[in-house]
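Reminder that position 534 of the sequence shown reads as 534 in the working numbering, one-by-one numbering, no gaps.
Beta carbons: idealized from backbone N, C-alpha and C, even for Gly.
Computed from a predicted structure; not experimentally measured.
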Amino acid sequence: MPKSKRNRPVTLSKTKKKPGLERKGKVVTDIKDAVEHYANAYVFTYDNMRNQKLKDLREQLKSSSRIFLAGKKVMQIALGRSPADEAKTGLHKLSKFLQGDTGLFFTNLPRDDVERLFREFEEHDFARTGSIATETCSSTFSSSALRSSPSAGTAARTRAKLLLNCYFHTGCSAAFVTNKCDGGTLIFSPAGCRPLAAGPPPLSSLPARRRDARLELSFPLSAPSRAGWSSTPWRSVLPVISTKALICAPDSSAVTLSKTKKKPGLERKGKVVTDIKDAVEHYANAYVFTYDNMRNQKLKDLREQLKSSSRIFLAGKKVMQIALGRSPADEAKTGLHKLSKFLQGDTGLFFTNLPRDDVERLFREFEEHDFARTGSIATETVELKEGPLEQFTHEMEPFLRKQGLPVRLNKGAVELVADHIVCEEGKPISPEAAQTLRLLGMQMATFRLYLVCRWSSDDFETYKEGLAQLRAGWHIYAANMLHLLSNGVGGGAGVAEQGRQCLADALRHARRPSGLPGPRPLLRRCRPPQLGAHLRIHGALRHGRHHALWAHNMAFGRRLLPFVGRPAPALAQDYMLTQALLPSTLHLRSYGEVETAAVAPLYPSASMVFFQWAFAGVTVGLVAGAVLGRMSVKAWMAFVPLWTTLSYTHLGRRLLFHWGVMDYSGGYVVHLAAGVSGYTAAYWVGPRRKEEAGGGNLVVMVAGAGILWMGWTGFNGGDPFSANTDSSVAVLNTHICALTSILAWICCDVAVRGRPSVVGAVQGMITGLVCITPAAGLVQGWAALLMGVASETLPCYTMNAAMSLKVDDTLGILHTHAVSGVLGGVLTGVFATCSFRGLIYGVRAGGVQVLKQVAAALFVAAWNVVATSIILVVVRAFVPLRMTEEELLAGDIAIHGEQAYTNFSSGTNCSLSHETIEVGNS
């Protein structure tokens, strides 16, 4: 790694390093000191925290008390989590109350004075965004309305309170009731309490939790009365810390639903720091060393060999730097901080009392040969010549073939049928080559140790060989990182994530060449055929251009107006190569405004733009399916950019997600919007000519259905923006629902018509795929089965009932997409898993969610009826919406100057009629 003149590492990051371990260690030390100096310890919680007010309280009480606000784990470590590691007897009982917004208060003041202080402490201040109103003015406060007028400022006041949770002093502990039920209404707050009349409350009474919240439950078995607890009359309470979804009681241990053993973390690092500081005191010399081809067992043997006179440390570089000191101000001994700057990459510390010459000879002569592992660099070229491999028995022949060797059995002997190169010098060794070299007994890896620098109380020196090895290892590491970054984004994108997203994009775009509705144009023959394909392809591709120019940022960029994004191009290199980001959104999910964090998948913005373009292309192509065969090209060219800009871009993350509507992959935004808009457009354009109705090619239709089904895997599987469990569940549910819908439609055909229908099976596949789209990653497999059955019944009924209507929906987009989309959206509110409050898992919360789903469906339908009608009326004022009768009669010859079916070898044009195929040479 390049160094400056002062031989210091050069970092490309200007960000100041967080204190991290040093600060946490200092807090632990301070808390332990407070335990020794103060007689009483309290755990307190707070509401509407104001930092300056707390700072003033600290200053006021600094002579007799001390207040700590830190991470719960840091405070728990300082107090002790169990009787085995507690600082004083009984002190670990405080640790289980350190959850959520809590702190520690150490004092020598009498208990009555402390309780009165906390009871009377109130500081009024202006409310902040997200605070709950204390009087009727609005349910929440927006940041723009906090100080808009004197009256608003008065109404928006709130109180900062400190509430005691539990109290400890030598030989005595107690718990405090923080809040009570007011007028029969339970008040949930970060320290709220609920009386326990008869056992624990039902889970349905708890506040709604985020899907990733961890639930811990514990309940008091009886009133505590054993020695060490206060004899004050006990009122059984249940403190509820809603910010962490934690229910706890003072006399019972928390029962966690997670069985994962916690990592040692801070304790282990602190022990390493202590051990290194002890080694500094006990040994005269300290070395920094690096290594190549690490073998843990060999290093363990070396440790055992030198344990009487030396000590070796391999730990995180920051931990070792903290122990030694990073500057003269915090170094353990004079000049020791000079070692810290060499602790980079694969390095360790070696403390010893051995003479310098003995140490240098030990490291110079230390070599341990071993078999190379996958990824190691080959030190020579190994080539096996054609002929028998006498060292291998005939049982090894299948295994050798799996390793890539061209072998066969010849009279019971393994024979190499051609020359084979196992590895080449200077190139990485593959897993198969590593196995083969092991079988051949060739050891290509050598475990070596190199001294980098040495410190003693009166001397400091560096070693050229060790520095060269350290730089070489750093350059290899940097090259690997650059290789990863070159395959992703500048912020450290994952190659697997980007490859997965590109595959999802490819599956989705694979449906586009046939015109997005897939197999359904083949159900009805539309004249002119080229015009129908042109409308679908043109709509999808034309939208791709203005999606990159302004629509993508309108949908997912910065907010310009409520529910409207700021239009901006997504074409600059600085934008395309940055990490993809979907901004945070406020939505109503947990009985109030909840901030949903921004989504930052591990791939560049270019992949996100391409992915979202596929959604928009799907929607535009579906709208085209309703007006095939009669809408003019000019009107369609004007309609597409207006409709996608004024209707499509505002429905998803801008409107529905803000309201807490659950739409996993576009059941409302894509299918409902396209179905309603297409049906509205068909009304304004008018019906087809009666003689144009005709049959289609059912064999090709089945092929198109297969392409459509395959593409839907990318449609629903790519929506979580990550290769996670939601993606896997979504793909499985997609296929379960589609298969169930196909079988249900076939059974219906057999029951009604007496025989199965290929057309019915394809229609069932489409309705099943559309129905599961809003719920793909939110429901369980059994719910996907039920949704598959439901997706056959309602669309089939509406399709038959709508035949008497005068609106000519060419491909039945309203029934297969709008009706199925609404059905899937409403059933999402019913069957969504408990994290997302489905009706099956809780009548109160789920009922609200179902109402949201229904209201959202009505809003999307109304929005698209109005928007589509206005756009078509405006377009009709400039160009006709419908082709003339002459153009419809002439067909593709008048519109495109060519016919759909052409025999290029003989120059013969084929024109399809309704009943026969007419062939002419003109």
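Does the Cβ of residue i have 16 or more other Cβ atoms within 10 Å, making it buried, or fewer, making it exposed?
i    : result
L769 : buried
S607 : buried
I132 : exposed
K427 : exposed
W455 : buried
N410 : exposed
N733 : buried
G20  : exposed
V731 : buried
R566 : exposed
Y648 : buried
A857 : buried
T374 : exposed
S665 : buried
V752 : exposed
K402 : exposed
S605 : buried
F878 : exposed
P250 : Here the model assigns P250 a pLDDT of 39, short of 50, so the residue's position is not dependable, and the following value carries that caveat. It is buried - the Cβ of P250 has at least 16 other Cβ atoms within 10 Å.
H815 : buried
P517 : For P517, the predicted structure reports a pLDDT of 41, less than 50, and the residue's modelled location is therefore unreliable. A value from the coordinates is still provided. Buried, by the Cβ-count rule.
Considering only C-alpha positions, which residue in the set the options is nearest to residue i?
i    : options                   : result
G25  : G265, E424, R373 and D419 : G265
S632 : L881, L467, D47 and V618  : L881
R364 : A315, F97, L449 and L389  : L449
E792 : M765, G71, E390 and V407  : M765
A34  : L389, F68 and C796        : F68
F126 : M49, G90 and N553         : M49
L94  : D101, G100 and G80        : G80
Q435 : G686, S376, F106 and H735 : S376
V359 : T347, A776, H369 and S309 : S309
D30  : K53, A861 and I77         : I77
V414 : I322, M396, I429 and A624 : M396
G706 : Q763, Y283, D726 and S727 : Q763
T334 : N285, L117, E368 and L299 : N285
M701 : L739, V729 and A761       : A761
G441 : R111, V382 and K464       : V382
L778 : T798, P795, A738 and S728 : S728
Indicate whether at least one CB of chain B lies closer than 8 Å to the CB of residue i.
i    : result
Y287 : Checking the listed chains, one finds no chain B in this structure; it contains a single protein chain.
Round the Cβ separation of residue i and residue j to the nearest angstrom and send it over; I've been treating them as touching at under 8 Å.
i    : j    : result
T810 : T680 : Contact flag wrong, Cβ pair sits at about 14 Å.
L109 : S63  : Between S63 and L109 the Cβ distance is about 10 Å, and since that is not below 8 Å, they are no contact.
I871 : L642 : 5 Å
G821 : P774 : 7 Å
E293 : T446 : With the sequence shown as reference, residue 293 is identified as Asn, and Glu is not the correct amino acid for it. Contact holds; Cβ gap of about 6 Å.
V273 : V452 : Actually they do not touch by this definition, with Cβ atoms about 21 Å apart.
E424 : A378 : 6 Å
G675 : A818 : 3 Å
A673 : L651 : 6 Å
V685 : T619 : Wrong, their Cβ atoms sit about 18 Å apart, outside the cutoff.
A682 : V807 : 5 Å
F611 : G718 : 6 Å
Output yes or no for whether 8 Å exceeds the beta carbon distance between residue i and residue j.
i    : j    : result
F392 : L400 : yes
Q443 : M662 : no
S722 : G788 : no
S340 : L324 : yes
T644 : A551 : yes
F930 : R311 : This structure cannot speak to residue 930, because the chain is shown only from 1 to 922.
G557 : A548 : no
P431 : L416 : no
C771 : L805 : no
R438 : F371 : yes
G781 : I736 : yes
Y291 : D346 : yes
V114 : Y46  : no
- Task: Check whether the stretch 708-726 touches the stretch 745-757, counting contact only when three or more Cβ pairs, one atom from each stretch, lie closer than 8 Å.
- Result: no
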